[in-house]
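Contents: one structure, followed by commentary.
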Amino acid sequence: AGDAKGQQDTLRLLCSAYRMKDMADKAMEEAQSELAKFRSSNDKRGQACMLFSVAEVHLAKYRATDALQTLAEATELFKSVDDKKMQAMALLVVSKAHIRKYSADEALAAAKQALSLCSGLGDKSGEAR
């Protein structure tokens with residue numbers, strides 16, 4: 289299980305690196321390709337990681353509504369596999385997407401949920417975000 293989690297996190301970080309190097313299309317292509325593989329093997333955490341990556345690309349391309357739809361699915365999948373740290377990270381991106389849409393109340397609610405999860409985990413760096 290640890291190897292699978294490491295692979296999923298590595299793929300998520302690879303997509304993030306592509307996105308940060310202004311290669312959003314490559315990041316989207318990679319994330320969607322890996323998402324299909326994780327769906328075919330019914331790997332829920334893998335699916336959640338790739339949906340998270342897809343959402344980050346949507347947000348980078350100023351598609352906040354698409355990001356929010358994708359993050360809703362990712363957050364539920366992270367919750368279903370009890371990955372509170374990634375659930376909190378997804379909620380922080382939800383908060384950013386709401387800020388892009390000028391939805392302050394929704395942004396604050398998502399940030400508070402993330403803070404609660406991080407506090408429960410004792411994740412001080414997560415709390416600081």
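Numbered per our numbering, the sequence shown finishes at 417, counting up by one with no gaps.
All C-beta atoms in this analysis are idealised placements derived from N, C-alpha and C, irrespective of residue type, glycine included.
Since we're looking at a predicted model, the values are computed, not measured.
| Query | Result |
| --- | --- |
| Indicate the three-state DSSP secondary structure (helix, strand or coil) for residue 389 in the structure shown. | coil |
| Decide if residue 390 is buried, meaning its Cβ has at least 16 other Cβ atoms within 10 Å, or exposed. | exposed |
| Which residue wins for smallest C-alpha separation from residue 402, given the options 386, 380 and 388? | 380 |
| Determine the closest residue to residue 331 out of 405, 360 and 293, with distance taken between C-alpha atoms. | 293 |
| If we call anything under 8 Å between Cβ atoms a contact, is residue 300 one with residue 340? | yes |
| Looking at residue 362: is its Cβ nearer than 8 Å to the Cβ of residue 352? | no |
| Select from 322, 342, 337 and 310 the residue whose C-alpha is nearest the C-alpha of residue 366. | 337 |
| In the structure shown, what three-state DSSP assignment does residue 354 receive? | helix |
| On the three-state DSSP scale, how would you describe residue 369? | coil |
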